[in-house]
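Per our numbering, the sequence shown starts with residue 44, numbered consecutively.
The structure under discussion appears below in the form of structure tokens.
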Amino acid sequence: MAHDVVLIPGDGIGPEITQAMRRVVEATGVQINWNVQEAGAGVMDEFGTPLPQHVLDAVAETKVAIKGPITTPVGTGFRSVNVALRKHFDLYACVRPCLSQPGDGSRFRDVDLVIVRENTEDLYAGIEFDEGAAEVEELSQLVERSGQKTFAADSAISIKPISIAKSRRIVEYAFEYARRCGRKKVTAVHKANIMKATDGLFLRVAREVAANYPDIEFNDKIVDATCMGLVQNPNDFDVLVLPNLYGDIVSDLCAGLVGGLGMAPGSNIGADCAIFEATHGSAPDIAGQDIANPTAEILSAAMMLDHLGENDAANRIRAAVSTTLDEGEQVTGDVRRAQTGSVEGAVGTQAFADAV
Ligand code: NAD
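Written out as structure tokens, the structure reads:
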């Protein structure tokens, strides 16, 4: 049976790495009807939005999509298309496995952990007010009335909502994932010593949920100590469940444990829709040069094939990537440099895909 999948190439290195990914998926023999849809700055002029309705409709129809990264303007300009997609389809669980591969060039061995990041609330909710906005003055009066020390009048404000229902949903997802995948431990990551209301709520809910899973070990850790622990003893960790922003940051740290951003795949999972994408962004510094590492995107496709029930093809892709990296003959510059200290002898994005 052929599977219908929306493919959003994205921008920056997106078109190159999704082309490489598509080539590898097609080599497995699994039949995919690719519905290619464009989003991002490139479609702004034509449709007046970086995320046109027809793209949302296409994903709503197939319920499965894989995308390349999409650039988000920094500081000003349109809001993130990536965040908008996650919110629109309520893709509440961002799952990012970090697994060492022989040949990944990392200074760490045998890392095998999974980030489960809440994907819909926290400081990513996008509720923000610029300095000078009337709401900032109103909020300042509100804070004053509550008896708390208020903030400087020239502040900009971001609001961090963390709810009971969404915290419970993501922590339950992490425990169910742990059970399903034979994992032993879940660590809830927070900063509840400082953010007693929001992160305190997240931690309280995590403890309540953990009590329903006596077969899975549970602990919690403050986010800064977690970062140190991850770089010192990554093997102490198994499944980590985090609110949105910590999940974003810790994901990149963990990518660094397994060879870098070019190696770290991911998925955004909702109740009835899933979008697969690498952890990394659009890497404008290396775009259009055929030097980006497509491994993260290819491994994201393997996660997608698992989701589609094509586990054999997914396993073959993972094995082929692992063998190609281990042989070390045909790897991209980031891996080559990690392995040998120089990019000399590296191959391009498409040549790596051919080797896989
Ligand atoms: P980035 O992840 O794009 O790049 C960080 C560094 O890692 C760069 O040096 C880059 O060259 C390198 N890198 C990333 N992917 C690589 C790959 N596959 N192979 C080799 N090297 C790779 O982060 P950034 O530069 O901070 O962000 C660029 C843009 O991407 C921003 O607009 C950001 O908002 C966006 N972004 C999008 C997504 C997404 O689409 N889901 C995620 C993160 C960032």
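We put the CB at the ideal spot given by N, CA and C, even for glycine.
| Check | Outcome |
| --- | --- |
| Beta-carbon spacing of Asn78, Ala101 below 8 angstroms | yes |
| Beta-carbon spacing of Ser365, Gln144 below 8 angstroms | yes |
| Cα-Cα separation, Ala176 to Ala298 | 38 angstroms |
| Integer Cβ distance of Asn162 from Asn287, believed to fall under 8 angstroms | 6 angstroms |
| Beta-carbon gap between Gly324 and Tyr135 smaller than 8 angstroms | no |
| Span of the beta strand (DSSP E) around Leu244 | Leu244 -> not in any beta strand (DSSP E); alpha helix (DSSP H) instead, spanning Thr241 to Ala253. |
| Asn336 beta carbon less than 8 angstroms from that of Thr375 | yes |
| Stretch pair the segment 181-194 + the segment 137-154: three plus CB contacts closer than 8 angstroms | no |
| Arg139, DSSP secondary structure in three states | strand |
| Length-filtered (4 minimum) alpha helix (DSSP H) runs lying within the segment 321-378 | 338-350 and 354-370 |
| Whole-number beta carbon distance between Val232 and Thr193, since they are thought to touch under 8 angstroms | Not really, about 30 angstroms apart at Cβ, beyond 8 angstroms. |
| Status (buried if at least 16 other CB within 10 Å, exposed otherwise) for Asp5 | Nothing can be reported for residue 5: it is not among the residues displayed for the chain, which extend from 44 to 399. |
| Check: Asp147 C-beta below 7 angstroms from any heavy atom of the ligand NAD | no |
| Neighbourhood of Pro140 by C-beta, 6 angstroms cutoff - its chain only, sequence neighbours within 5 removed | Val157 |
| Contained alpha helix (DSSP H) runs [length at least 4] in the segment 126-198, N- to C-terminal order | 177-188 |
| Beta-carbon separation (whole angstroms), Leu300 vs Phe151, contact threshold 8 angstroms | 5 angstroms |
| For Ala208 and Cys316, the rounded distance between their alpha carbons | 19 angstroms |
| Span separating the alpha-carbon of Asn358 from that of Ala195 | 55 angstroms |
| Spatial distance of Asp281 from Ile259 (CA atoms) | 11 angstroms |
| DSSP beta-bridge partners of Ile109 | Leu50 and Phe319 |
| Leu156 CB to nearest heavy atom of the ligand NAD below 7 angstroms | no |
| Cβ-based burial, Lys110 [other Cβ within 10 Å; buried from 16] | buried |
| Supposed close pair Ile360, Ala344 - CB separation, criterion 8 angstroms | 7 angstroms |
| Reduced DSSP secondary structure (H/G/I, E/B, other) of Asp267 | helix |
| Unbroken alpha helix (DSSP H) run spanning Val232, endpoints | Run containing Val232: none in the alpha helix (DSSP H); it sits in the beta strand (DSSP E), Lys228 to His233. |
| Paired residues, beta bridge with Glu260 - DSSP | Lys228 |
| Identity of the residue in Val138, Gln184, Val126 and Arg211 nearest Ile170 by Cα | Val126 |
| heavy atom of the ligand NAD below 7 angstroms from Asp377 C-beta | yes |
| Meets three-Cβ-pair contact criterion under 8 angstroms: the segment 371-385 and the segment 346-353 | no |
| Short Cβ contact (8 angstroms threshold) for Asp291 with Arg160 | yes |
| Whole-angstrom C-beta distance between Val67 and Val284, which should lie under 8 angstroms | Not a contact, Cβ separation roughly 30 angstroms. |
| Euclidean distance between Cα positions of Ile75 and Leu351 | 10 angstroms |
| Which listed residue (Asp173, His131, Ala84 and Val154) has its alpha carbon closest to that of Gly118 | Asp173 |
| Sequence-distant residues of the same chain with beta carbon closer than 6 angstroms to Ala217, five excluded per side | Val159, Val229, Val282 and Val284 |
| Near the ligand NAD: Asn287 beta-carbon under 7 angstroms from a heavy atom | no |
| Cβ shell of Asn236 (< 7 angstroms), same chain only, five flanking positions each side left out | Ile265 |
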